[in-house]
Every structure is written in C-alpha cells, then in structure tokens.
Amino acid sequence: MNDTYDLRSSESHIEVHKFRTGAIIGSLLLVLFLQAFLPLYVPKAEILDLPLLITIYFGLSRRNPSTGLLLGMAIGLAQDSLSGPTVPLGLYGIAKTIIGYLASSIGARLDTEHPAARFALTTVFFVAHQGLIALTRRILLAQPEPWFNMRLFVAALVNALVAVFLFLLLDRLRKR
Amino acid sequence: MVAIPSRHKSLVLLAGVILLQVVLLAVQIKRDSQGRLIRVWTVGAISPFQRAGAHGVGSIRGIWNRYFALQNTSRDNEQLRRENDALKLQITQLQSKAAEADRLAELLNFRKLHMDVPMVGARVIGTSPGTASVTIDIDRGQRDGIKRNMGVITPDGVVGKVIESYANTAQVLLLTDKDSGVGALLADSRTQHPVGGTGEPLLVLKYVPNDDNVNNGERVVTSGMDRIFPRDLPVGTIVEIKPGNPFKQIRVRPAANLERLEEVIVLLTLHPLELRTESEPASRQTPAANAAGQAPLARP
Chain F
1 MNDTYDLRSS ESHIEVHKFR TGAIIGSLLL VLFLQAFLPL YVPKAEILDL
51 PLLITIYFGL SRRNPSTGLL LGMAIGLAQD SLSGPTVPLG LYGIAKTIIG
101 YLASSIGARL DTEHPAARFA LTTVFFVAHQ GLIALTRRIL LAQPEPWFNM
151 RLFVAALVNA LVAVFLFLLL DRLRKR
Chain V
1001 MVAIPSRHKS LVLLAGVILL QVVLLAVQIK RDSQGRLIRV WTVGAISPFQ
1051 RAGAHGVGSI RGIWNRYFAL QNTSRDNEQL RRENDALKLQ ITQLQSKAAE
1101 ADRLAELLNF RKLHMDVPMV GARVIGTSPG TASVTIDIDR GQRDGIKRNM
1151 GVITPDGVVG KVIESYANTA QVLLLTDKDS GVGALLADSR TQHPVGGTGE
1201 PLLVLKYVPN DDNVNNGERV VTSGMDRIFP RDLPVGTIVE IKPGNPFKQI
1251 RVRPAANLER LEEVIVLLTL HPLELRTESE PASRQTPAAN AAGQAPLARP
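If you read the protein sequences in the order shown, they are chains F and V. Sequential numbering from 1 applies to the first sequence in the numbering used here. Sequential numbering from 1001 applies to the second sequence in the numbering used here.
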C-alpha cells in the first residue's frame, strides 16, 4: 500500500500523508500534557494553543474531512475535560471539530506544505477558533465574550509562528 | 432508502458530531452535571504524566543548575575551574535548598499560627490547558480529604477554591478566572465589596459607588462572608481606580503570585473559619475553627 498518494491526479499533485503507528495519539497526549504543564514554568506559554495546532496539522496533512473533524472533536473534548468544571464539555469540542473539518477540507484543495501557507492558515484558523468559542459562549451558554482584541491578534501570530516550526517537527513523523 | 452521496458524508458527520456536542452542552447546563466520568478518565490519563513531569523538571533543573549553567567558567585553569565548579555547585544546591526551606518555613509558620485550622499543603502539578478557564492542578485529592469548594491559599494570600477533586489530584479555580470571586472588604474602611477575576492577571473590586473614598495602594482582605475563606486573609492591593457608571472601576493586584505558584495550602473544611492575625493570641480562636479539628500540614 502506498504511504502517500495523489488526491486528485487530474489537478495539482496533493499528497495525503500517513503517519507512523501511534504518532497521532502520541502527539495528542504530548501536547495535552505540555499545554497543562508548560505554563507552570514558562507563564508566557499560556498564549499557545498546542492542541489547536495539532488539530490543524493533522487536518491539513490527512486531508480527510471525516478524520479531521473526529480528531478535532477528540482533542477538543479532552481539552474541555482538563479545563475543569467551569468549562462545559463541548466548548473546545465544537470549535475544534469545525476547525478539524475546515483544515482537512482546505488541505484537500490546496498545497499546504509551504511554511508561508502554514503560517497564514494557522493565523486564520486560530482567529476562527476563538470566534467559534465566543459564538458558542454567547449563543449556547449566554456568556458574553469579546469577539476580537489585540491579545487575540498577537496570540494568533505567535501560534502561527510556533506552528511553522512545530509542523516541520511533526513532518518527521510521516511515513516515507 | 435515500443514499447519501459520498462527498456529502463528511458534512453529515460534521453536522451529527456538532449536534451531539450541542446536546451534551445542553444536558450539562440543564442538569448542572459536568460530565464527571469523562473528566475523571481524561485527568486520570494525564495526571501521571504531570506528576512525572513535575519531578522530571525538578531533576532537570537540578542537573542544569549543577552543570550546564556553569559551562561558561574559564577553561584556562582546569584545576581551578573544577574547584570553582564544585563550589558553585554547592552554592546552587544550597541556594535551591534555602529557597525551598524559606518557602516551607513560610508555610510552617503559617501553619503554626493557625494550629487549629485543618489544612494540607499541596504541590502544583499542572495548569488549565486553554484560555477558557484559569485553573491549576494540585497533587492532593479526595484521599487527603480535599473536597469541592474548599479554599486554597498561600501565606501571601488567597489563591482560589477547589472546583473538582479526584482520587489523587484536584483542580483549583484561581481568583483570576472569569467565574471566580471572593467576598472581600477594604482593609482601611472595612466596607464590603466582592472581588472577581477577569481572566487577566489583575482582579476587579466590584460595586464601589463613585462617591466612596478608595485609595491606590489600599489593601483588600477577605470578608469571610463567602463562607469559603476565613476573614482578613490578604486578597490584594488596589492598583488602579477609574470613575465608571454607575460604579468605580477598580483593579486589584492579587496578594499571592498566581502566575508562579509552586506550593499551596488547602483549607480542609467547608465550615466558616476565623484565622488569627499574628498579633492575636491563640486563645481567641473561634469555636467553629476548634470544632473543625486539627490536621497536620503535610509537606508538599
């Protein structure tokens, strides 16, 4: 079986990547651990949303909307579970499900291997993710949340920058 | 039966999965349930790594302090360098131990001052994995007598309250969380106003009328009215006052360093407590506190 294959041979060559056994679960557990652990020693790391970056990466790489949205849901629900009872199960879940779906849908149409494309897409997805959380809070939980502020913009850029390097590391987990 | 075109299958799945989570959200709000089982599983899966990580970082920090941090010392005189390294090593170790001893001594002093108040020390092993809540995880849980709604403090001041307790760990909602709050009063005027979090490092002192006299630098302490924290524990200091409509906008810097918590104290009682100030004699302890019993302060 081919590890990578052309998604649409009539158009541009867009490869669907497969990963080493356990790479996705291992990465997921590692980022959840780091997300809860890193800010203890580096408080500024709180700005990072590593689970979101992982959702975007595997969505863009796997390029299968069903897999992308299910992975997003699993990551989001795990993040909800670890956030304590003030965060209802489903808040991050819904946002990451949609981001997982969008990432894999876009990944199936565009070549997202270039660092510039990854930077731009991560910035957009980060803002969209925060927008979805604000929307869920406003509509379903009746908790007003600002749609946009300067901190969000800075966080989006920082996360996108980290994503460029993180994605290069994660590329090494692909089957050759 | 109508077959769903394959290109639409993922859209149907997306709609189904989102609907499922919306229902899950609705059930949690309606029944005030919090999906405890799922949370227990996830926390159970992650907390061993957090514990190991906390110990691992301690070891790595030790190795770093003992060797790598000293790499820049001169190589001109190997013998002198080794001697120098050894001495620096000892100093670093002693400083690290002294810092830890200071922190523990502070905890112990606090404990001695409030011998009749049941409390337990805990080490911070994790934080919330997102910006939606501001919580920390501690390495003590139900087995140590920790329950929901118990107050969490440091000798510097109020930290937050326990929002979930598992077998060996517990989650603490920090004062800075948007959903957090504490009954407080101004130390000078003794007027009571709640203090709440905003999700940012500073707290907000609420409902202070514009004509009330409040000064920058004024201390804010617990009022004891929330029945979680004893009276007169430091909450913070006023750092910013702006006129507002209809109330003043007052920002408070937390007394405890909530961004750098390593050890905390959990008040092991849900009954109202009254802590003594350092000047008060031991005999003035309230009956409620005496009735609450005595528990040793375990070393974090």
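Note that beta-carbon positions come from the ideal geometry of N, C-alpha and C, so glycine has one too. Here the structure is a predicted model, which is why all the values come from computation and not from measurement.
- The beta carbon of residue 1147/V lies closer than 6 angstroms to those of 1165 in the same chain, with the five residues before and after it left out.
- Closest option to residue 1053/V, judged by alpha-carbon separation, among 1100/V, 1039/V, 1102/V and 1125/V: 1125/V.
- One alpha carbon belongs to residue 1110/V, the other to residue 1216/V, and they sit about 28 angstroms apart.
- Of all C-beta pairs linking the region 161-174 of chain F to the region 133-141 of chain F, fewer than three are shorter than 8 angstroms, placing the two stretches out of contact.
- When the Cα atoms are used, residue 1184/V and residue 1151/V turn out to be separated by approximately 14 angstroms.
- Residue 1138/V places its beta carbon less than 8 angstroms from that of residue 1169/V.
- Per DSSP, the beta-bridge partners of residue 1221/V are 1185/V and 1234/V.
- At a cut-off of 8 angstroms, the C-beta of residue 84/F has a neighbouring C-beta in chain V.
- Boundaries of the alpha helix (DSSP H) around residue 51/F: 50-62.
- By the Cβ criterion, the region 1007-1021 of chain V is not in contact with the region 40-53 of chain F, since fewer than three pairs of Cβ atoms, one from each stretch, lie closer than 8 angstroms.
- In terms of CA proximity to residue 73/F, 1021/V leads the group 1021/V, 1097/V and 1225/V.
- Counted as a single uninterrupted DSSP element, the beta strand (DSSP E) harbouring residue 1137/V occupies residues 1135-1138.
- In terms of beta-carbon proximity, residue 150/F stays away from the interface with chain V, with every pair separated by 8 angstroms or more.
- Interface residue (Cβ-Cβ distance to chain F less than 8 angstroms): residue 1132/V is classified as such.
- In terms of CA proximity to residue 1123/V, 1050/V leads the group 1163/V, 1201/V, 1050/V and 1268/V.
- For residue 1189/V, no chain F residue has a Cβ inside 7 angstroms of its Cβ, as the nearest lies near 32 angstroms away.
- Taking a cut-off of 8 angstroms on C-beta distances, the region 98-110 of chain F does not touch the region 1151-1163 of chain V, as fewer than three cross pairs fall below it.
- Residue 1165/V: member of the beta strand (DSSP E) spanning 1157-1165, first to last residue.
- Taking all protein chains in view, the Cβ of residue 1140/V is crowded by 16 or more other Cβ atoms within 10 Å, so the residue is classified as buried.
- The alpha carbon of residue 1201/V has as its nearest neighbour, out of 1024/V, 1209/V and 1237/V, the alpha carbon of 1237/V.
- The Cβ of residue 90/F sits closer than 8 angstroms to at least one Cβ of chain V.
- Within chain V, the residues 1021 have their CB atoms less than 7 angstroms from the CB of residue 93/F, given in chain order.
- By a beta-carbon distance limit of 8 angstroms, residue 1211/V does not contact residue 1222/V. Their separation comes to about 25 angstroms.
- With a cutoff of 8 angstroms on beta-carbon distance, residue 1186/V and residue 1218/V are scored as near each other.
- Below the 7 angstroms Cβ cutoff, chain F contributes 33 and 37 as neighbours of residue 1053/V, in chain order.
- Cβ atoms of residue 163/F and residue 109/F stay farther apart than 8 angstroms, at about 19 angstroms.
- Nearest CB-CB separation between residue 43/F and chain V: below the 8 angstroms threshold.
- For residue 167/F, the closest of 34/F, 37/F, 18/F and 60/F by C-alpha to C-alpha distance is 60/F.
- Residue 149/F is classed as exposed because its beta carbon has fewer than 16 other beta carbons within 10 Å across all chains shown.
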